[in-house]
Structure formats: C-alpha cells, structure tokens
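Add 161 to a position in the sequence shown, counting from 1, and you land on the number used in this note's numbering. We put the CB at the ideal spot given by N, CA and C, even for glycine.
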Amino acid sequence: QFQMIRHEELECLESLGQGSFTRVFLGRKKGLRDGEGYVTNVLLKVLDSNHKNCWESFFEAASLMSQISHKHLIHVYGISVHQSNNIMVQEFVKFGALDLYLKRGHSVSVSWKLEVAKQLACALIFLEEKNIVHGNICAKNLLLAREGDQTSGNSPFIKLSDPGISLVMLGQDVLMDRIPWVAPEVLEDPEHLELDVDKWSFGTTLWEIFSGGKVPLQGLDLHQKLQFYKKGHWLPRPDWTELADLICQCMNYQPELRPSCRTIIRQLNGLITSDYEILHAAGTSLN
Ligand SMILES: N#Cc1ccc(Nc2nc(N)cc(-n3ccc(CO)n3)n2)cc1
Numbered sequence: 162q163f164q165m166i167r168h169e170e171l172e173c174l175e176s177l178g179q180g181s182f183t184r185v186f187l188g189r190k191k192g193l194r195d196g197e198g199y200v201t202n203v204l205l206k207v208l209d210s211n212h213k214n215c216w217e218s219f220f221e222a223a224s225l226m227s228q229i230s231h232k233h234l235i236h237v238y239g240i241s242v243h244q245s246n247n248i249m250v251q252e253f254v255k256f257g258a259l260d261l262y263l264k265r266g267h268s269v270s271v272s273w274k275l276e277v278a279k280q281l282a283c284a285l286i287f288l289e290e291k292n293i294v295h296g297n298i299c300a301k302n303l304l305l306a307r308e309g310d311q312t313s314g315n316s317p318f319i320k321l322s323d324p325g326i327s328l329v330m331l332g333q334d335v336l337m338d339r340i341p342w343v344a345p346e347v348l349e350d351p352e353h354l355e356l357d358v359d360k361w362s363f364g365t366t367l368w369e370i371f372s373g374g375k376v377p378l379q380g381l382d383l384h385q386k387l388q389f390y391k392k393g394h395w396l397p398r399p400d401w402t403e404l405a406d407l408i409c410q411c412m413n414y415q416p417e418l419r420p421s422c423r424t425i426i427r428q429l430n431g432l433i434t435s436d437y438e439i440l441h442a443a444g445t446s447l448n
C-alpha cells in the first residue's frame, strides 16, 4: 500500500524541527524518471526511537496518505526502514508548518486566513466523503506551500499533513495534552472515532488561525485541561461574532450537533462576504 524507498536513494540534510513522536529533516531523494537521474527535495519524518512500538501506526498514517490524493493533502512518496530508523518520505512543503509561520508574526489579512480555513474545509470534505477520520487536525499539521501576499494578491496554499500515530494508540495523558484539539468524546472512548472528531479540531484550528498562532489553553496542566472539558468550557471568543459562532458550532460538546463540512464551507463563504471582512480588508489597504 505504499512505495518502499531504499536508504541509498535518500540523503538526510538538516533538522527542521519536530512533530509529536517524530523529528523532521530536509532530505534529498534520488530517483530515475524515464531513464533520467534526478534529485528532489523531500521531507524526512523520522519516528522517535523511544516510540518504536508505534511504527505500525506511523506507517498506517503513511499508507493512508499515499492511498488518497488531493491538492490539499500532503503527498507521501513512501517509507524507508533502515537499521533502527522508520522514515516517512513526504513532499517538501516550502514554508513549513502554519503554527510556526503565524508565530513568526507574518501579518496576514482576514481574507488570507479565510482562504486557509476554506482549503482545510475542502480537505475535510474530501476525507468525509471517503469516510476517513484524520484525527490530528491542528495548525501544526497545516503546511504552507505558497505564502500568497497582499501585493500580487495571490492566495496562500496549504496542505494537510499526515495524522501521525493514531489517537487509538496514544495514552490517556497524551490525549489530555491534546486538549483543546482532541474532541471531548475521544477522551471517553478513544476506540470509537467518528468523523465528528475532525469537526471539533477544525474549530480549534480556526481559533488558532485567527489568534495569530497563539496556543489555546497554553500553560494549563493536564488536570486543568481535563477540567476545561468537564465544565464544558469554550475557548476565548474572537471579537468577530460570526466567526466565534462558527468556532462554537464546530466545538459543540454534542458531536451530532456539529455542522457538516458543507455547512462549514457555506458559513466560511458567508464570512468572506461579510462586512467585517470588507471593513478589515479596507483597514489593511488604508494603512
Ligand atoms: N524553517 C523551515 C521549514 C520547516 C519545514 C518545511 N517543510 C515541511 N514539509 C513537510 N512536508 C512537513 C513539514 N513539517 C514540519 C513539521 C511537521 C510535523 O507535522 N511537518 N515541513 C519547510 C520549511
């Protein structure tokens, strides 16, 4: 279900950071295309040695991503197992993870943020139609392939990364640490994953995108995070009412009441044409 890549074809260059349980490196992949030798930049995602027992789940994620293809989903070339290294080989996405991009203080417009949100919603519609639960939707797993900028006005382009080790494999404390991205019902029964869990995480990711990469519930320990759910709390509402309402609808504690992906897209389109967006767009072009 995926391409096995020989380690001789791979060259590992500098470290680019880390996900949960993995480290990511810039790499090169040698290959042949109609007899021609060529080298491409790749992203090497290496499973931490102390999580070796999760290698099946790690490769299941690789297998999932290599069996489906969509413009807003990361392309996985295959996997490489060499000595004690389990490596997922992905297309290299130029501007990296969105959470870091936003934290670096790039000033992006409201329409830029809405475009990113819409593209994520399109990826979710695609997964929903295939009845696939991603399970790890968050700004850290949104990769920015094109910056898009105010002047030339071309829009950003994002790709949703692989889900990594499945929620089912994670311990309770890892699940608690993923509050407020992980849907509340997952903590009750991690085995029973429904599509609705991705809608909850979409709400949290929307909050991240419009909060400039701020980490929601930063500084809360696991117990306090658990209390946040026990008490049915919500994240601090952004001042844009319609956006805040959409976030709250997605982060509904009753999974069946969360909006369908199509409703989400319709509401995002409504936000794009709303006066708040026009006002803010006017604001940025005035200053
Ligand atoms: N400075 C810088 C810089 C860093 C990374 C990239 N590119 C990239 N391409 C991918 N396919 C995946 C990732 N990831 C990064 C974290 C995770 C965890 O999910 N993935 N980064 C580009 C620039």
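Thinking Leu275 and Ile408 are a contact (beta carbons under 8 Å), I'd like their distance in whole angstroms, please. Locating residue 275 in the sequence shown gives position 114, counting from the first residue. Locating residue 408 in the sequence shown gives position 247, counting from the first residue. That belief does not hold up - the Cβ atoms of Leu275 and Ile408 are roughly 13 Å apart, past 8 Å.
Tell whether a beta-carbon distance below 9 Å holds between Lys213 and Thr183. For the purposes of this step, residue 213 is taken as residue 52 along the sequence shown, with counting starting at 1. For the purposes of this step, residue 183 is taken as residue 22 along the sequence shown, with counting starting at 1. No, they are not a contact pair.
Should Gln251 be counted as a contact of ligand 1 given a C-beta to heavy atom distance under 8 Å? Along the sequence shown, read from residue 1 onward, the residue named residue 251 stands at position 90. For ligand 1, at least one heavy atom lies less than 8 Å from the Cβ of Gln251.
Burial state of Arg167 (16 or more Cβ within 10 Å): Locating residue 167 in the sequence shown gives position 6, counting from the first residue. Label assigned to Arg167: exposed.
On the premise that His295 lies in contact with Asp350, defined as a C-beta separation below 8 Å, what is that separation, rounded to the nearest angstrom? Counting from 1 along the sequence shown, the entry for residue 350 is found at position 189. Counting from 1 along the sequence shown, the entry for residue 295 is found at position 134. 18 Å between Cβ atoms; not a contact.
DSSP puts Arg189 in a beta bridge; with which residues? If you number the sequence shown from 1, residue 189 lands on position 28. Note: Arg189 sits in a beta bridge opposite Glu172, Asn202.
Residues that Ile286 bridges to, as DSSP identifies them: Within the sequence shown, residue 286 is the residue found at index 125, counting from 1. Beta-bridge pairing links Ile286 to no other residue.
Please identify the residue among Ala284, Asn413, Arg419, Ala278 whose C-alpha is closest to the C-alpha of Gly431. Counted from its first residue, the sequence shown places residue 431 at position 270. When only C-alpha atoms are compared, the closest one is Ala278.
Quick one: which unbroken alpha helix (DSSP H) runs of 4-plus residues sit fully inside the stretch 251-287? Chain order, please. 259-264
Would you kindly report the start and end of the unbroken beta strand (DSSP E) that includes Gly296? Here the question's residue 296 lines up with position 135 in the sequence shown. Premise fails: Gly296 is in no beta strand (DSSP E) and is neither H nor E.
Would you kindly work out how many angstroms separate the C-alpha atoms of Asp310 and Gln244, rounded to a whole number? For the purposes of this step, residue 310 is taken as the residue at position 149 of the sequence shown. For the purposes of this step, residue 244 is taken as the residue at position 83 of the sequence shown. So the alpha carbons of these two residues sit roughly 44 Å apart.
Would the beta-carbon of Thr183 be found less than 8 Å away from any heavy atom of ligand 1? Here residue 183 refers to the residue found at position 22 of the sequence shown. Checking the Cβ of Thr183 against ligand 1 gives yes.
Could you please give me the residues that DSSP links to Lys320 through a beta bridge? Indexing the sequence shown from 1 puts residue 320 at position 159. Leu304.
CB of Leu404 to nearest heavy atom of ligand 1: below 8 Å? Position 243 of the sequence shown, counted from the first residue, corresponds to residue 404. It does not: the Cβ of Leu404 is nowhere closer than 8 Å to a heavy atom of ligand 1.
For Phe163 and Ala223, believed in contact at Cβ under 8 Å, the rounded distance: Position 62 of the sequence shown, counted from the first residue, corresponds to residue 223. Position 2 of the sequence shown, counted from the first residue, corresponds to residue 163. Confirmed, Cβ separation roughly 6 Å.
Is it the case that the CB of Ala258 approaches a heavy atom of ligand 1 more closely than 8 Å? Along the sequence shown, one-based indexing puts residue 258 at 97. The answer is yes for Ala258.
First and last residue of the uninterrupted beta strand (DSSP E) at Gly374: Mapped onto the sequence shown, residue 374 falls at position 213. Per DSSP, Gly374 belongs to no beta strand (DSSP E) and is neither H nor E.
Can we count Gly266 as close to ligand 1, meaning its CB is less than 8 Å from some heavy atom? Translated into the one-based positions of the sequence shown, residue 266 becomes position 105. False, no ligand heavy atom lies under 8 Å from that Cβ.
To the nearest angstrom, report how far apart Ile319 and Lys190 are at their CA atoms. Along the sequence shown, one-based indexing puts residue 319 at 158. Along the sequence shown, one-based indexing puts residue 190 at 29. Cα-Cα distance, rounded: 23 Å.
If you run the structure through DSSP and keep just helix, strand and coil, what is Gly364? If you number the sequence shown from 1, residue 364 lands on position 203. Gly364 falls in the helix class under three-state DSSP.
Any heavy atom of ligand 1 closer than 8 Å to the CB of Ser241? Here residue 241 refers to the residue found at position 80 of the sequence shown. Checking every heavy atom of ligand 1 against the Cβ of Ser241, none is found closer than 8 Å.
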